[in-house]
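For reference, the structure discussed in these notes is given below.
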Amino acid sequence: MGTCLVTGGAGFIGTALSALLPAHFERVIAVDSLHPQVHPHPTRPAALDERVEFVHGDVTDAAMWDALLADAAPDVVIHLAAETGTGQSLTEATRHAATNVVGTTEMLDAFVRADKLPERIVLTSSRAVYGEGAWSDAAGEISYPGQRSDAMLAAGQWDFPGLTPLPFVSSRVMPNPTSVYGATKLVQEHILTSWCLAMGVAPVLFRLQNVYGPGQSLINPYTGIVSFFAQRAKAHEVIPVYEDGEIVRDFVFIDDVASALVRGVLVPAEQASASASAPYDIGSGEGTSILRLAELIAAHYGAPSPVINGRYRNGDVRHASCEIDSAKAALDWAPSTMVDAGVVELCQWIDQEVQK
C-alpha cells in the first residue's frame, strides 16, 4: 500500500501502531502537537518507530494541513488526535471541542482543498458516546435512564433502582453521552461518516473501551485510572476507590487495540464502510470493577489495601463494558491480554521507566 497518515501519531496508541504500520505501507507519517500535558518535552518521542516520519503540528491548523498535503497524498488516515479527559472536558469544553470537532473538520477541508481524498479514514471514537447506555428491568424491558444527577450521587445512590446495566454494542445501544468529551466524540463520528459517504471514502469507526498498558503517559493526570493506581501502589500509598467500588469498566490492553486498528486498515472497503452504521466495539469483552482493579494492583506491589471513599465525579458512568463478537467476526481479531496479565505488564513497564 502507499501512504498512511496517523493524526495524534506520537501519543499512546500512535506509538504502539508505529511499529506495525510500516509492514503494510511504503510511507507512514505521524502528526502530533506534542501537548505538554502528555509530552514533557516538545521533541519526537523515542517510542515512535524510526521508520515513521514525524510532523510536529496541530490538527486545528489549516496551514499545517496545506503544507503536509503539498508533500503527501495519504491513502489511509488513522485519526487518533483528540483531547480525551472525561472530567477535564466539563471545565475545558472549548479545548475539547476545538481539537475533536474543529480538528476533524480542518482535516477534511484540507483534503478537499488539496484534491487528495484518502481511500479510507479510520476513527478512534470512544465508549464515552454511550453515556450510561441501556438498562433493563426485571421484566426485560429496556430503558435509557440517562445521566446520574449530582443530587443522586451526593446521596450515595450509585445505580438506577430496579435496573440492570447492559453491555454496550453499537448495533443495539443508542449513544447518549454524559460528558463533553463523549459528546465531541459522537460529533466526530457523525461528521466523518457523512463526509466520507458523500465523498466516496470508506469510514471505519472504532469505539474503544478503557485502553491501558505500557507507553501510557505517566505525567498526565487524566491519563487513565490503571496507571494512576499503579503509581500510587508502587509508592506504597493507599489507592482511593470512588463510589462503592463497584464502578465497572472494560480494560483493553494497548497491543490488542493496535492490532484491531491494523485490521480496520486492512479489511475490504465494503466491510469497512459497514462500520459507519455499526461501529466496532473494541474491548476485552470483560467488565472489571474498580475495586477489583485496585486490589490486583495493590497486591502486585504489596501496597496497603485499597480504601473505598464514597467520592464521585460528575459525568462518570456507572457501568461500561461491551460485547465484542461483531468486531471479532468482522475483523478476524480477538484480544489476547486480559486484565490480570495486562496489569502485570503495565506495572513492570512503570518500574523500568522509574529507574531510567
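Each residue of the sequence shown is one higher than the last, beginning at 899 in the numbering used here. In this text, a Cβ means the ideal position worked out from N, Cα and C, and glycines have one as well.
Could you give the C-beta distance for residue i and residue j, rounded to a whole number, given that I count them as a contact under 8 Å?
i, j, result
"Asp930", "Gly900", "That belief does not hold up - the Cβ atoms of Asp930 and Gly900 are roughly 21 Å apart, past 8 Å."
"Val1020", "Gly1162", "5 Å"
"Leu1159", "Ile927", "16 Å between Cβ atoms; not a contact."
"Val904", "Leu918", "11 Å between Cβ atoms; not a contact."
"Val974", "Pro920", "So it is not a contact: roughly 13 Å between Cβ atoms."
"Asp1035", "Arg1216", "Going by Cβ atoms, the distance from Asp1035 to Arg1216 rounds to 16 Å, so no, they are not a contact pair."
"Gln1086", "Ile1248", "About 31 Å separates the two Cβ atoms, so there is no contact after all."
"Leu978", "Gly912", "5 Å"
Pick helix, strand or coil for residue i, following the three-state DSSP scheme.
i, result
"Leu1015", "coil"
"Ile1117", "coil"
"Thr913", "helix"
"Val1163", "helix"
"Trp963", "helix"
"Phe952", "strand"
"Ile1206", "strand"
"Ala1227", "helix"
"Leu919", "helix"
"Leu988", "helix"
"Tyr1042", "coil"
"Val999", "helix"
"Ser1157", "helix"
"Ser1171", "helix"
"Glu1193", "helix"
Give the range of the alpha helix (DSSP H) segment to which residue i is assigned.
i, result
"Ile1123", "Ile1123 to Lys1132"
"Glu1267", "This structure cannot settle anything about residue 1267, because the visible part of the chain is limited to 899 through 1254."
"Leu1084", "Val1078 to Met1097"
"Asp1048", "Asp1048 to Ala1052"
Bridge partners of residue i, per DSSP?
i, result
"Tyr1178", "Phe1104"
"Arg1147", "Thr1186 and Ala1218"
"Arg925", "Thr901"
"Ser1023", "Arg1105"
"Thr1062", "Ser1034"
"Tyr1110", "Phe1151"
Kindly indicate the opening and closing residues of the beta strand (DSSP E) around residue i.
i, result
"His933", "Careful: His933 lies outside any beta strand (DSSP E) and carries neither H nor E."
"Thr1258", "Residue 1258 lies beyond the residue range present for the chain, which begins at 899 and ends at 1254; the question has no answer from this structure."
"Ile1137", "Note, Ile1137: premise wrong, no beta strand (DSSP E); not H, not E."
"Val974", "Val974 to His977"
- prompt: Does the segment 1104-1115 come close enough to the segment 1129-1148 that 3 or more CB-CB pairs lie under 8 Å?
  reply: yes
**Touch test, the segment 1197-1214 against the segment 1044-1064, Cβ-Cβ under 8 Å, three pairs minimum** = yes
Cβ contact check for the segment 992-1003 and the segment 944-958: 3 or more pairs under 8 Å: yes
Inter-stretch contact (C-beta, 8 Å, three-pair minimum) for the segment 1201-1208 and the segment 1129-1146: yes
- Does the pairing of the segment 931-938 with the segment 1164-1173 give three or more beta-carbon distances under 8 Å? no
Tell me, please, whether the segment 1220-1240 touches the segment 1081-1100 by the rule of three or more beta-carbon pairs shorter than 8 Å. no
Quiz item: Do the segment 1083-1097 and the segment 1054-1066 meet, that is, are 3 or more Cβ pairs less than 8 Å apart?
Solution: no
*Can we say the segment 958-974 touches the segment 933-942, given the rule of at least three CB pairs closer than 8 Å?*
no
### Validate contact between the segment 1022-1042 and the segment 1072-1088 using beta carbons, cut 8 Å, 3 pairs
yes
Item to check | Segment contact, 8 Å Cβ cut-off, at least three pairs: the segment 1226-1240 with the segment 1185-1200 | outcome: yes
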